[in-house]
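The structure under discussion appears below in the form of structure tokens.
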Amino acid sequence: MMSDTVLERTVEESQSERSEIIFPADANALGNLFGGRLMQFIDLVGAVAASRHARVPVVTASMDHLDFVAPVRVGELLILKASVNRAFKTSMEVGVRAMVEDVRGQRLRHVSSAYLTYVAVDADGAGIGVPRIVAETEHQKRRYEEAGRRRELRGEETTRKREMRMSLGEGWHL
Ligand SMILES: CC(C)(COP(=O)(O)OP(=O)(O)OC[C@H]1O[C@@H](n2cnc3c(N)ncnc32)[C@H](O)[C@@H]1OP(=O)(O)O)[C@@H](O)C(=O)NCCC(=O)NCCS
């Protein structure tokens, strides 16, 4: 089943952005944004990009290559931008870039980047086919090519996960 009758969508249609002012409740003992909270922001903005492309519910299959480049301090303005790099059959690779905005100097500082894979699913959790992505700009075309290479590298991990699930079955285990 396809998520939509539309066969392709542009990268621009998936683009999503999230802004967060960092509060003390989000910080670690050093007063910097806690890594797990940043991962949550990244996952959320990435899920919006994937949902905009698929136009059905999506689940996070994996997050890879998460770089914490620089700390984010309490009171800083965090900007996260996400878009679909490439759509495959039921899955999509989304790239997320997190930056701190210096509102006075109107500058951006890169703090983190990540690649995530989301899978479009129906109400029973079964995969649904997604539209192809149309990469228009040079940047988008480069990301599209790189996403293909990363998928090849990820193949082994996907197989490992499938084997793990088959050995565990669907039930609870001690
Ligand atoms: C993600 C999930 C739907 C994949 O289902 P599955 O039965 O393993 O499906 P398949 O092995 O047939 O793979 C389906 C697609 O997912 C991709 N995929 C599966 N595991 C992956 C992984 N670890 N990393 C990247 N892609 C993965 C496959 O490459 C395939 O892509 P394609 O259809 O575009 O070729 C399933 O593992 C799941 O529901 N996991 C839990 C998701 C979740 O709860 N996330 C957190 C909360 S949102």
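Numbers in my numbering are just positions in the sequence shown, counted from 1, shifted up by 49.
Glycine is no exception: its CB is placed at the ideal position from the N, C-alpha and C atoms.
This structure is a prediction, so every number in the text was calculated from the model and none was measured.
Given a cut-off of 9 Å, decide if residue j and residue i are closer than it, judged by their beta-carbon atoms.
| i | j | result |
| --- | --- | --- |
| I182 | T139 | no |
| V168 | V108 | yes |
| A98 | V133 | yes |
| A147 | L87 | yes |
| Y164 | A184 | no |
| D75 | E206 | no |
| E69 | L126 | yes |
Mapping DSSP to helix, strand and coil, what is residue i?
| i | result |
| --- | --- |
| A196 | helix |
| F117 | strand |
| V183 | strand |
| V108 | strand |
| A78 | coil |
Within the continuous beta strand (DSSP E) that includes residue i, where are the two ends?
| i | result |
| --- | --- |
| E125 | From DSSP, E125 is part of no beta strand (DSSP E); its letter is neither H nor E. |
| D151 | 140-151 |
| V168 | 156-169 |
| R67 | 65-70 |
Counting C-beta neighbours from all protein chains within 10 Å, is the total for residue i 16 or more, i.e. buried, or is it exposed?
| i | result |
| --- | --- |
| L157 | exposed |
| H102 | buried |
| T166 | buried |
Can residue i be considered in contact with ligand 1, in the sense that its beta carbon sits closer than 8 Å to one or more heavy atoms?
| i | result |
| --- | --- |
| A98 | no |
| R122 | no |
| E206 | yes |
| K130 | no |
| R58 | no |
| S216 | no |
| A110 | yes |
For the alpha helix (DSSP H) holding residue i, just list the boundary residues, first then last.
| i | result |
| --- | --- |
| V55 | That residue, V55, is in no alpha helix (DSSP H); it is neither H nor E in DSSP. |
| G178 | It is not in any alpha helix (DSSP H) - G178 carries neither H nor E in the DSSP assignment. |
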